[in-house]
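Notes for the one structure printed next.
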Amino acid sequence: MPREHPPLAQAVESYLASRPRAARWLEWLAGRRYRLATFPDRAQPVVVIAHRTRYPARAGLVARAIEQDWAETPPHCRDAYEEILQQAPGLVVVQLRRRNVCGCLGHRHVVVKEAPFAEAHDAFGDAAVGEMDIAFDRVESWLAQPLLDIALDTQFIAGSRRREFHDQQMRFRLLSILLHETHHMVSPQAMEDVVRGRSLTFYREAMAHYVEMARATLSFTIDRSFSRLGKE
Ligand SMILES: [Zn+2]
Ligand SMILES: [Zn+2]
């Protein structure tokens, strides 16, 4: 019986490990690392998070957003990106940076620059390769939905789950930007307003759902204004 073809993620892992020692050594010295992540409900796209060793936790947040938080969003949030993810390149390289000179949260790259993925390789099979960058520091200070973000923040600020809340919020921001740039990759002609509208809706609804769930389990040391939140 023929062996099952290894999933793309596995093929990419082995490809990365099998490259010439010199290339890997230079990469290691430069502090460059790759972390792979896949959505739990589909084999592709495989997301390659290219990051620096100084901030390993940051790549971890992106990976967790893809591997776990995605599945915990309400079905209509995921449905809105179903077609986009289906048409996305099989391999999506995310260059996780601290910031961009232009101040943007992220960009879609027209040409793949991340060295191991810049040229076609057997390990990629038929999969196309796309690339984007995400500026982590910028995402952290970004108020995706100013009224909602500030309102939520003041609600959680006194609570013991503040840290958990902030991490969750950050992961949904990262996920919404990843989806936003993937949307640009799939439809390069789409208007920015349309692309942004969809990703902000994703973020808003994912957060609202999370807050609703959190509220159900929070101890009620939180003031009563919390209950007004859902009506915005
Ligand atoms: Zn820019
Ligand atoms: Zn955009």
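-10 is the number of the first residue of the sequence shown in my numbering; add one for each residue after it. Cβ atoms here follow ideal geometry from the backbone N, Cα and C, with glycine treated the same way. As the structure is a computational prediction, the values presented were derived from the model and not from experiment.
- Distance between G114 and I38, taken at the CA atoms: about 19 Å.
- Contact between the stretch 149 to 159 and the stretch 94 to 108 is absent: fewer than 3 CB-CB pairs across the two stretches fall below 8 Å.
- Looking at the DSSP output, V37 bridges to L25, V82.
- With a cut-off of 8 Å on Cβ pairs, the stretch 77 to 97 is not in contact with the stretch 197 to 204, counting fewer than three such pairs.
- In this model, T27 and I55 are separated by some 6 Å (Cα to Cα).
- DSSP places E108 outside both helix and strand once states are collapsed to three, so it counts as coil.
- Inclusion of V82 and V128 in the CB contact set at 8 Å is not warranted, their separation being larger than that value.
- With contacts defined by Cβ atoms closer than 8 Å, L5 and P34 do not form a contacting pair.
- Residue side-chain check: E120 keeps its Cβ at 7 Å or more from all non-hydrogen atoms of ligand 2.
- Between the alpha carbons of S130 and L189 lies a gap of roughly 16 Å.
- Annotation for Q76: V175 place their beta carbon closer than 7 Å to its own, counting only its chain and skipping 5 residues before and after.
- In this structure R162 is in contact with A133, their Cβ atoms being roughly 6 Å apart against a cut-off of 8 Å.
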